[in-house]
Structures are given as C-alpha cells and as structure tokens.
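Count the sequence shown with the numbering used here and you get residues 165 to 384, in order. For glycine and all other residues, C-beta sits at the position ideal for the given N, C-alpha and C. Only a predicted model underlies this, so the values are computations on that prediction, with no experimental measurement involved. Presented below is the structure to which this report refers.
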Amino acid sequence: MQEVRIQGPASRGGAKLMLLSALVLLSLLFGLIWVQQLGVIYAIALVAALLGLFAGWAKLAEPQYFLQYDDKGVCYCHRHGSWRLPWQSFLYSGVPQYQQQRLGYIGFKVTDYDSFLAHLPLRLAVRIMTEQRALYIEAVRQSCSSGQCASEFLAESSRFCTAQQQYSGIKAAFGWRMQHLSAATGFDIFVPVNFAESDSEHLCRQINQARLQLIQNTVT
165 MQEVRIQGPA SRGGAKLMLL SALVLLSLLF GLIWVQQLGV IYAIALVAAL
215 LGLFAGWAKL AEPQYFLQYD DKGVCYCHRH GSWRLPWQSF LYSGVPQYQQ
265 QRLGYIGFKV TDYDSFLAHL PLRLAVRIMT EQRALYIEAV RQSCSSGQCA
315 SEFLAESSRF CTAQQQYSGI KAAFGWRMQH LSAATGFDIF VPVNFAESDS
365 EHLCRQINQA RLQLIQNTVT
C-alpha cells in the first residue's frame, strides 16, 4: 500500500507569512528614522508585524503532514511527537458529534489499548491531554446527566490495567481518559482537524476503506 499523507491548514503558508511580516517590520523600523513621534497606529503596526513573525514561526513548527497511513497503520504527527495506531487495533474512524454539532476532531474506536499505549511518547501524551482537556471535560458532562459523576470521571486511579498490561503515571492517566471518552462519545482517541464536515467525513471513509482492504489482504 502506498503511503497517504494528509496536510492540514495549520502548516500552510508559514514561510510566506514570516517573509511578509519581516518585510513589513523592516520597513517600519527603517521608517523610525523619519518619525519624530511614535503614533498609536504606527505602534499597532509594529506589534502586528511581530505577531505575524510569531504566527509564521508557529506554522513552520507544525509538521507538514499531520496524518499519514500506510500498510502498518495510521500515524498522527504532532510537533511534540507522533503516535501510530495499527490497523488491527481499531474498528473504525469517524467524526464525533455533541448535541448534533460536529466537533473539530476525527475519532478512532480502539480495540487494542496495549498496541497503542506501549509506543505512546510520554511528552506527546501530556500535550494531548492538555490541548484536548476541553473536549474531555465536555465528554464528562455529556456522560453525566446530573453532573454528580463528573468528579468520578476526573479522579482516575494511579494505575490502569488491560488484559495484558498494567500502566502507571502518565500512561495510566491517558488510558483512563481513553476509556472515559469511549464511554461518552464512542471514540477513544481524537485527532484535531480544521476541515469542512464533508472533508472530515471523506477522510474517515478513506481510512476505514484502507483498514478493511489491509485486513482482508492480511487474512487472505
């Protein structure tokens, strides 16, 4: 199977934005020679140019392709690391919804936690839990109609056990998080996307079709 790479909008245009912002900033700095008094508009323009430089740098720091899949499985690329989900380790991918509103993620229904957690970088796990905390809190609220069980969901044990392994620390927290998200949304792990709903659904269909094809070829 040929590797398929998905480029997200977050990594596009970084170099162009940095170059444009740098040119504007240099022009403004050079213009200070003739400016006797720095006005509010001029100061705002300087700040905007600096923010443009920072935004361009942030775009360049993002991986060019945030999602890839090949004959080994699906790989999510983050600026702080990557995780891989083998084809045999999940049932399907889809676009999660809350109160009939599409969330800005695609989700994966994981069936083999060990194959995922065993190779999950700790640094990336911490970043994902931090960046997706709002998603987790909302999922907890969704699963608790009265709101009284939220504390039970948020207060995980220091250990997380599967049929084959026992995890502690960060991986235990991530394992509990996966389990709670699955109970609330039907998906265990999430990848943020900034696509139109139709594009997100098309991507999930592509992944599901590739999974079925690879599994059928493996069985036969």
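Which residues does DSSP pair with residue i in a beta bridge?
i, result
"Arg266", "Gln261"
"His242", "Gly245"
"Phe354", "Gly271"
"Gln373", "Answer by DSSP bridge pairing: none, since Gln373 is not bridged."
"Cys325", "Gln330"
Rounded to the nearest angstrom, what separates residue i and residue j at their Cα positions?
i, j, result
"Gln312", "Ala303", "Any reading at Gln312 must be qualified, since the residue scores a pLDDT of 49, below 50, and its modelled position is unreliable; the value itself is stated next. C-alpha separation (whole angstroms): 14 Å."
"Trp340", "Pro285", "16 Å"
"Gln373", "Thr294", "31 Å"
"Gly195", "Gly203", "12 Å"
"Asn358", "Arg266", "11 Å"
"Tyr277", "Ser253", "7 Å"
"Val290", "Lys335", "9 Å"
"Val355", "Tyr240", "7 Å"
Short check: CB of residue i to CB of residue j, under 9 Å?
i, j, result
"Pro260", "Ser279", "no"
"His244", "Leu299", "no"
"Ala186", "Leu210", "no"
"Gln296", "Phe324", "no"
"Val387", "Ala219", "With the chain running from 165 to 384 in the structure shown, residue 387 is simply not present."
I think residue i touches residue j, with their Cβ atoms under 8 Å apart; what is that distance to the nearest whole Å?
i, j, result
"Arg165", "Leu378", "Contrary to the premise, residue 165 reads as Met rather than Arg in this sequence. Yes, Met165 and Leu378 are in contact; Cβ-Cβ is about 6 Å, under 8 Å."
"Val238", "Asp352", "Rounded, the Cβ-Cβ distance is 13 Å, inconsistent with contact."
Of the residues the options, which one's Cα is nearest the Cα of residue i?
i, options, result
"Ser246", "Leu215, Ile292, Gly350 and Ile208", "Ile292"
"Ile270", "Gln328, Asn381 and Tyr256", "Tyr256"
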